[in-house]
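Here's the structure, in structure tokens; my notes come after.
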Amino acid sequence: MLILWYSFKLKLEMDAIKKVKSHIEDLQILAGEINMNIAWGITGAGHLLQESYDGMRALAQKHQITTFVSGAGEEVLRMYGLLDKLNEISGGEYLREIIFESEAGASAPKAGRFLLKKYDALIVSPATSNTVAKIVHGIADSLITNAVTQANKSGTPVYVVPVDLSGEVTSPLPYHIDRELCKKCDECPPKDKCPEHAISDQIDLLKCTGCGVCIDLCPHDAIKGGNVMLKVRDIDAHNVKTLRSMNSITVLDHPSKILTVL
Ligand SMILES: Cc1cc2nc3c(=O)[nH]c(=O)nc-3n(C[C@H](O)[C@H](O)[C@H](O)COP(=O)(O)O)c2cc1C
Ligand code: SF4
9 MLILWYSFKL
19 KLEMDAIKKV
29 KSHIEDLQIL
39 AGEINMNIAW
49 GITGAGHLLQ
59 ESYDGMRALA
69 QKHQITTFVS
79 GAGEEVLRMY
89 GLLDKLNEIS
99 GGEYLREIIF
109 ESEAGASAPK
119 AGRFLLKKYD
129 ALIVSPATSN
139 TVAKIVHGIA
149 DSLITNAVTQ
159 ANKSGTPVYV
169 VPVDLSGEVT
179 SPLPYHIDRE
189 LCKKCDECPP
199 KDKCPEHAIS
209 DQIDLLKCTG
219 CGVCIDLCPH
229 DAIKGGNVML
239 KVRDIDAHNV
249 KTLRSMNSIT
259 VLDHPSKILT
269 VL
């Protein structure tokens with residue numbers, strides 16, 4: 009009986025110590041004295057991708073970042089030459105890893121970390137119109153939508169930067185061949201020198217790493233990057249409006265806003 013009483017008392021004291029410790033940590037976070045653990049979700053958007061990278065890189069100076077990458081995100085990051093640079097933000101060890109959807113499993117068990125309160129915030133930037141549509145309809149069938157769902161269920165703050173807001177947007181293109189300029193030379197220096205062997209009569213964007221080596225090698229300047237203007241669909245603008253109305257999510261209109269909220 010005495011032992012039971014002592015273990016009950018011990019448990020009460022341990023709970024009280026835990027609570028005090030947690031309050032102290034909250035105060036330290038508020039005072040900017042200790043780092044937060046931030047989860048970054050990247051989806052497959054070329055638009056605002058570089059800006060998202062720059063914003064998160066700045067955030068990584070102060071906080072620990074785990075990067076969650078959708079399947080499309082992995083491909084698009086590679087095309088824009090950013091895949092190999094992710095390790096400048098997420099260094100590799102626990103809570104600073106890069107988690108790829110292609111390796112994360114269909115049930116995305118790593119998203120369970122949100123329920124364990126491992127993260128102080130989740131930032132999805134850039135968020136494709138596909139991912140935004142899924143979030144507003146409560147779908148959780150990908151790494152990033154699972155992360156949002158579990159973050160919401162655990163009360164973790166979620167910030168989303170949608171790419172398709174309204175009107176028209178100008179997006180950067182991956183490298184491609186300008187057919188009007190290409191002379192179909194027998195000897196093609198870009199094709200011969202591409203380190204990824206990504207060039208045939210077209211550029212295989214699933215192989216291209218966006219290194220830019222080919223640009224200067226073409227004697228006819230036929231390899232281009234550049235921008236494209238596209239119209240935001242009504243359905244996507246409507247989904248962003250719905251996203252803004254969700255209590256559990258804060259919509260940011262540009263990745264530069266990330267630094268103002270965290
Ligand atoms: C080069 C490239 C750029 C893309 N950029 C965008 C974009 O800016 N916005 C968008 O909504 N989808 C974009 N997509 C299409 C998405 O990658 C595609 O819808 C994908 O299914 C999204 O999956 P996720 O939301 O799970 O990442 C792009 C695709 C490619 C190949
Ligand atoms: S050389 Fe051109 S096609 Fe080849 S990987 Fe680099 S950017 Fe892509």
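Heads up, the sequence shown is in the numbering used here, so the first residue is 9 and it goes up one at a time. Cβ atoms here follow ideal geometry from the backbone N, Cα and C, with glycine treated the same way. Keep in mind the model is a prediction, meaning the values are calculated, not measured.
Cβ-Cβ separation, residue j to residue i (assumed contact under 8 Å), whole Å
i	j	result
residue 258	residue 166	7 Å
residue 82	residue 91	7 Å
residue 211	residue 243	In fact, because the Cβ distance is near 30 Å, the residues do not count as touching under 8 Å.
residue 109	residue 77	6 Å
residue 65	residue 111	About 23 Å separates the two Cβ atoms, so there is no contact after all.
residue 203	residue 225	The pair is not a contact, with the Cβ atoms about 12 Å apart (cut-off 8 Å).
Run of the beta strand (DSSP E) containing residue i, from where it starts to where it stops
i	result
residue 47	45–50
residue 237	235–239
residue 130	129–135
residue 176	176–180
residue 3	With the chain covering only 9 through 270, there is no way to say anything about residue 3.
Contact check, residue i vs residue j, beta carbons under 8 Å
i	j	result
residue 169	residue 262	yes
residue 73	residue 129	no
residue 181	residue 236	yes
residue 192	residue 206	no
residue 177	residue 238	yes
residue 231	residue 67	no
residue 251	residue 143	yes
residue 102	residue 54	no
residue 240	residue 151	no
residue 49	residue 132	yes
residue 189	residue 229	yes
residue 158	residue 114	no
residue 116	residue 160	no
residue 122	residue 162	yes
residue 84	residue 135	no
residue 333	residue 137	Shown here, the chain extends from 9 to 270; a query on residue 333 therefore has no answer.
residue 70	residue 43	yes
residue 86	residue 217	yes
residue 183	residue 233	yes
residue 75	residue 127	no
heavy atom of ligand 4 below 7 Å from residue i C-beta
i	result
residue 71	For the structure depicted, ligand 4 is absent and the ligand set comprises only ligand 1 and ligand 2.
Residue range of the unbroken alpha helix (DSSP H) whose run includes residue i
i	result
residue 69	Careful: residue 69 lies outside any alpha helix (DSSP H) and carries neither H nor E.
residue 156	151–162
residue 84	79–87
task = Give, in chain order, every unbroken run of the alpha helix (DSSP H) that is at least 4 residues long and sits entirely within the segment 90–122.
result = DSSP runs (the alpha helix (DSSP H)) wholly in the segment 90–122: 109–112.
ask   = Residue ranges of each alpha helix (DSSP H) run of no fewer than 4 residues wholly in the segment 194–270, ordered along the chain?
value = With a minimum length of 4 residues, the unbroken runs of alpha helix (DSSP H) contained wholly in the segment 194–270 fall at 197–201, 221–225, 242–253, 266–269.
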